[in-house]
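Residue numbers (UniProt numbering): 1 to 296. These notes are about the structure you will find just below.
In structure tokens form, the structure reads like this:
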């Protein structure tokens, strides 16, 4: 067959079909087989598929997402270089595309997160927004991905407390429960990242009518309280040390002030402190201890 003698030409032909939205399942299978035999062509194919996701031809999106997802199983680092295209697809998908496309895009991100979670920071705001999606399946898969990141790289959530608070106040009970669980996982590793969610969680724990949500909020609050206790202990210790230092400084000044003669030699100070013989006799007489006065 011709394509066996010229695999790169066959790859290009399939990519053209994908771009036009006219590719078949057999074509996609052939593309993956060819890439297995021509790994050097993988970066170029990823670039073309990512570019398709940036175009307006939505008929081509499904095949492009499928292709990137298959490639991400073996080359997640390479696909991670095109996160902006994948996230753009998710953003548009919330308004224009079927849920399946968003779910397939999330699958790609999960594969990337398992190998290089440090690359996922730019995706966090949109993933948190996915917790508010009208689809329960999208909310569930988004939480799974976010929970994975919370365990592997909690620092990617730094600066995103406002988004989490928004989800805590969301319309759906499950999205609010997902937010509580996510905050709990982050707090288990670094409570400071999500400490700004404490007040909302505590209010939810004390006042919400849904018992499941109250319980989940309580678990998250407990993790944040651990941090609160540590901070209080640190402050108490710091205050104690500061008080001790102040006392030492104050004592030092008192000694200096009371002497009134910090520059006077010690021998002169001794003369000021030790009474002379006449003074000593007067003191003993005043105490009724005349018998102790030496008579010369």
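Quick reminder that beta carbons are idealized off the backbone N, C-alpha and C, glycines included.
Residue from the options with nearest C-alpha to residue i
| i | options | result |
| --- | --- | --- |
| residue 189 | 157, 173, 178 and 79 | 157 |
| residue 375 | 138, 206 and 207 | What the structure shows of the chain is the stretch from 1 to 296, and residue 375 is not part of that stretch, so it cannot be assessed. |
| residue 172 | 136, 13 and 52 | 136 |
| residue 86 | 134, 214, 191 and 47 | 47 |
| residue 23 | 8, 103 and 67 | 67 |
| residue 101 | 219, 115, 81 and 58 | 58 |
| residue 7 | 17, 32 and 71 | 32 |
| residue 77 | 99, 65 and 111 | 111 |
| residue 107 | 134, 79 and 132 | 79 |
Rounded C-alpha distance that separates residue i from residue j
| i | j | result |
| --- | --- | --- |
| residue 69 | residue 21 | 17 Å |
| residue 15 | residue 38 | 15 Å |
| residue 34 | residue 201 | 52 Å |
| residue 256 | residue 185 | Its pLDDT being 49, under 50, residue 256 is placed unreliably in this model, and the value from its coordinates should be taken loosely. Roughly 56 Å between the two C-alpha positions. |
| residue 19 | residue 208 | 50 Å |
| residue 152 | residue 117 | 7 Å |
| residue 160 | residue 125 | 7 Å |
| residue 195 | residue 180 | 13 Å |
| residue 60 | residue 42 | 19 Å |
| residue 300 | residue 120 | The question about residue 300 has no answer, for the chain in this structure spans 1 to 296. |
| residue 63 | residue 147 | 28 Å |
| residue 212 | residue 56 | 43 Å |
| residue 224 | residue 217 | 11 Å |
| residue 254 | residue 199 | Low confidence applies here, because residue 254 scores a pLDDT of 47, under 50, leaving its location unreliable; read the following figure in that light. The straight-line gap from Cα to Cα measures roughly 47 Å. |
| residue 269 | residue 192 | Any reading at residue 269 needs caution, since the residue's pLDDT is 43, under 50, leaving its predicted position unreliable; the model's value is listed next. Cα-Cα distance, rounded: 57 Å. |
| residue 113 | residue 210 | 33 Å |
| residue 105 | residue 123 | 12 Å |
| residue 73 | residue 10 | 22 Å |
| residue 128 | residue 50 | 23 Å |
Extent of the continuous alpha helix (DSSP H) run through residue i
| i | result |
| --- | --- |
| residue 150 | 136-152 |
| residue 127 | 124-130 |
| residue 205 | 198-207 |
| residue 100 | 99-115 |
Could you tell me whether the segment 135-153 touches the segment 162-171, where touching means 3 or more Cβ pairs closer than 8 Å? no
Residue ranges of each alpha helix (DSSP H) within the segment 9-84, 4 or longer: 25-37, 42-53, 61-72 and 76-79
Curious, which full-length alpha helix (DSSP H) runs of at least 4 residues does the segment 165-193 contain? 173-189
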